[in-house]
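The opening position of the sequence shown corresponds to residue 2 in this note's numbering, with each subsequent residue numbered one higher. Working notes for the structure below.
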Amino acid sequence: MPQRAGGSAGGPPAPEEQMHRRPWWQVMCLTGVDYFSTLGYQPGIAALAAGAVAPIATLVLVALTLLGALPVYRRVATESPHGEGSIAMLERILPWWRGKVFVLVLLGFAATDFVITITLSAADATAHILENPLVPHVDRGLAVPVTLVLVAALGVVFLRGFREAIGIAVVLVVTYLSLNAVVIGVGLWHVVEHPEVFGAWTRLLAVQHPDPFAVVVVALVVFPKLALGLSGFETGVAVMPQVRGLPTDTEKDPAGRIAGTHRLLTTAAVLMSFYLVLSCLVTTLLIPAAQFADGGDANGRALAYLAHEYLGPVFGTVYDVSTIAILWFAGASAMAGLLNLVPRYLPRYGMAPRWARAARPLVVVFTGVAFFITWVFDADVDAQGGAYATGVLVLMTSASVAVTLSARRRRRPLATGLFGAVSAVFAYTTLTNVVERPDGLKIGGLFILAIVVVSLLSRAGRVFELRGAGITFDANATAYIEGAAKCGTLRFVAHDPTERTAQVYRDSTVRVRADNDIPRWAPLVFVEVTVVDASDFETSLEVRGEERFGHRILTVRSSVVANTLAEVALAVRDRTGLVPHVYFRWTEGSPFTNLLRFLFVGAGEIAPVTREVLREAEPDPARRPRVHVG
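Take a look at the structure:
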């Protein structure tokens with residue numbers, strides 16, 4: 002029989018599972034390779050977008066980070082502590098098919114964000130390699146092969162496992178932040194020694210924007226172009242399962258893991274805010290504006306420019322190597338997020354094969370997709386920037402909306418208002434980015450289309466699988482089954498739970514006995530499946546026994562009728578050693594209509610589907626429960 006997907010237990014995690022988790026600060030480094038690596042290009046983006054206003058625009062970014070994104074994602078971590086992120090919160094708010102479709106759309110944007118993170122970061126690392134002053138001039142055609150090698154190397158690391166990935170991330174982040182601290186410190190010291198550069202900046206600011214209010218307006222207007230400095234929060238909650246909690250943690254209440262993730266998010270946000278403000282200040286003051294433009298020595302590598310300028314070629318080269326390494330490994334946090342999100346949703350929805358729960362096959366798939374994206378975009382960083390920003394901003398907007406709706410449901414008007422304001426800011430930023438860079442939405446749309454099409458085809462291909470995530474029988478159900486088994490044959494009658502009258506039960510009993518020549522002394526047990534949410538693919542089955550109008554009935558709530566009847570019959574066979582007989586009536590109506598009802602409502606053509614599920618689940622006809630239709 003196919004392997005069943007187990008539900009999450011409420012007890013403490015297994016000792017070996019807890020052992021493989023890491024302290025929060027180490028997991029922070031895994032998410033930080035994406036978040037902190039933006040220092041490699043964020044100051045240059047700010048200078049190009051805002052000119053002399055760049056430091057003030059960066060302060061706006063930092064304010065939104067600390068007062069908007071951080072509170073939102075701390076709340077997400079509290080309400081979704083198993084790494085599903087804001088998507089799980091919205092899934093709970095929007096049930097049935099509309100919730101599933103909405104989740105698929107968000108997963109499309111998440112895939113856009115995470116996969117483009119892998120390819121863009123590798124392409125940016127390649128650009129740093131090929132544009133380094135000490136590297137001989139090479140043909141641009143090498144960009145794609147070099148990027149593919151970096152993507153493949155990242156995949157190899159994850160084929161080894163999370164432990165190796167986190168270990169590498171810790172070394173890279175500590176080294177990179179330390180080198181940046183040196184570069185920024187030297188830059189600030191140069192500003193102190195030459196105060197005229199600060200005076201020149203303030204005079205330029207006054208000339209360009211005589212009205213202080215205009216400076217603020219410009220900072221707000223250009224802010225959406227700096228939004229890449231917010232990347233990293235979604236992966237911060239996506240890798241929560243890797244955070245080591247307390248010995249008292251349970252899967253239902255992982256308080257230690259939640260507290261560790263709060264520290265992770267807060268520390269990363271404060272550190273990044275500190276580095277962003279100071280790096281943007283020193284690069285704006287010390288680098289000529291022309292050097293930030295396309296073709297300039299500081300284009301896309303402002304801090305590297307300062308490292309070479311003030312600390313010499315040796316230190317500059319060391320800094321370049323660390324930048325290349327962290328940009329290459331920035332895709333690690335994205336890969337970790339994908340490996341956590343996809344197995345939690347698509348297989349559970351029936352929209353991916355069961356092997357999609359395993360990490361290594363998924364690594365191969367995601368690496369292959371990253372190869373394709375790199376080839377399509379010719380390893381061009383700018384061409385992928387719009388898609389990256391769109392994915393990041395859509396996820397952050399959805400997270401803020403989810404937290405706002407959650408606060409409203411908990412009747413907290415102040416929190417609802419504050420989170421609602423954050424949602425409005427992120428929505429504005431997202432729309433502005435989409436208008437300015439529509440390619441990002443197009444690429445995200447392609448990811449969504451691919452996920453939806455593949456998911457629906459996968460679900461259609463798995464309709465005849467057993468779909469119970471475990472099955473239990475209560476005391477009454479067990480007694481009814483054992484009592485019926487004493488006669489030597491188990492006979493179940495499939496019954497519509499919407500027709501629960503004494504006359505219907507009586508007529509069904511008479512019909513089944515007459516059509517199948519069953520003697521009056523042979524006990525019949527009715528089985529009723531109530532469809533709760535047909536959009537679910539896997540559900541935990543709890544069979545209850547009831548007596549109604551003198552008839553013994555097994556009731557079970559599920560997402561589908563036919564597969565559940567097959568599941569119950571097989572479970573009863575395994576408990577009693579008897580092969581049960583199940584009796585059906587033919588379903589009225591068009592077979593095509595009934596097929597659609599089965600796919601989307603969980604009912605429809607029940608008898609032949611039950612037989613087909615049993616045939617696939619049990620290859621031995623002698624052990625297969627018998628299906629009778631009259």
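Note that beta-carbon positions come from the ideal geometry of N, C-alpha and C, so glycine has one too. Here the structure is a predicted model, which is why all the values come from computation and not from measurement.
My understanding is that residue 287 touches residue 307, with C-beta atoms under 8 Å, so please give their C-beta distance in whole angstroms.
6 Å
List the residues that DSSP assigns as beta-bridge partners of residue 548.
553, per the DSSP bridge assignment.
So residue 624 packs on residue 580, CB below 8 Å; how close in whole Å?
6 Å
Quick one: what's got a C-beta closer than 8 Å to residue 603's C-beta in the same chain, skipping five residues either side?
Confidence in residue 603 is poor, its pLDDT being 48 and thus under 50, which makes the residue's placement too unreliable to answer from.
With a Cβ-Cβ cutoff of 7 Å, do residue 380 and residue 119 count as a contact?
no
Rounded straight-line distance, which links the Cα of residue 409 to that of residue 468:
35 Å
If you measure from the beta carbon of residue 338 to each beta carbon in chain C, is any gap under 7 Å?
Protein chains in the displayed structure number just one, and chain C is not present.
For the 8 Å Cβ check, are there 3 or more pairs between the region 485–494 and the region 516–529?
yes
Would you report the Cα separation of residue 205 and residue 53, rounded to the nearest angstrom?
Using only the alpha carbons, I get a separation of about 7 Å.
Mind checking residue 619: buried by the 16 CB within 10 Å criterion, or exposed?
buried
So, helix, strand or coil for residue 279, using DSSP?
helix
Starting from residue 469 and walking both ways along the beta strand (DSSP E), at which residues does that stretch end?
469–474
Three-pair Cβ contact test at 8 Å for the region 308–318 versus the region 38–47
no
Option in 451, 477, 566, 115 with minimal Cα separation from residue 496:
566
What's the gap between the Cα of residue 343 and the Cα of residue 154?
22 Å
Please return the same chain residues whose Cβ sits closer than 8 Å to the Cβ of residue 152, not counting the five positions on each side in sequence.
119, 120, 123, 332, 368, 371, 372, 375
So is residue 112 buried or exposed if we call it buried at 16+ other beta carbons inside 10 Å?
buried
Could you name the residues of the same chain whose beta carbon sits closer than 6 Å to that of residue 516, not counting the 5 residues immediately before and after it, in chain order?
Here residue 516 has 631 as same chain residues with Cβ atoms under 6 Å from its own Cβ, once five neighbours each way along the sequence are excluded.
So is residue 7 buried or exposed if we call it buried at 16+ other beta carbons inside 10 Å?
The predicted model places residue 7 with a pLDDT of 40, which falls under 50 and marks its position as unreliable, so this point remains unresolved.
Return helix, strand or coil for residue 495, following the three-state DSSP convention.
strand
Any idea what DSSP makes of residue 541, helix, strand or coil?
strand
Verify whether the separation of the beta carbon atoms of residue 431 and residue 398 is less than 7 Å.
yes
Can you tell me the Cβ-Cβ gap for residue 259 and residue 78, rounded? I've got them flagged as a contact below 8 Å.
6 Å
So what does residue 214 bridge to, in DSSP terms?
None; residue 214 has no bridge partner.
Taking residue 629 as the reference, which of 67, 319, 221, 518 has the closest Cα?
518
Coil, strand or helix - residue 148 by DSSP
helix
Anyone know if the C-beta pair for residue 88 and residue 71 falls short of 7 Å?
no
Using the C-alpha atoms, what's the distance from residue 238 back to residue 347?
Cα atoms of residue 347 and residue 238: separation of roughly 19 Å, rounded to the nearest angstrom.
Taking a contact to mean a Cβ-Cβ separation below 7 Å, would you say residue 334 touches residue 31 in this structure?
A contact, by the Cβ cut-off of 7 Å.
Between the beta-carbon of residue 175 and the beta-carbon of residue 304, is there less than 7 Å?
no
What does DSSP give as the partner residues of residue 582 in its beta bridges?
492, 627
In the structure shown, what three-state DSSP assignment does residue 81 receive?
coil
Under the DSSP definition of a beta bridge, which residues are partnered with residue 527?
For residue 527, which the question treats as bridged, DSSP gives the partners 494, 554.
Please name the residue, chosen from 452, 37, 24, 521, that lies closest to residue 178 on a Cα-to-Cα basis.
37
Residue interval of the alpha helix (DSSP H) (run including residue 448)
440–462
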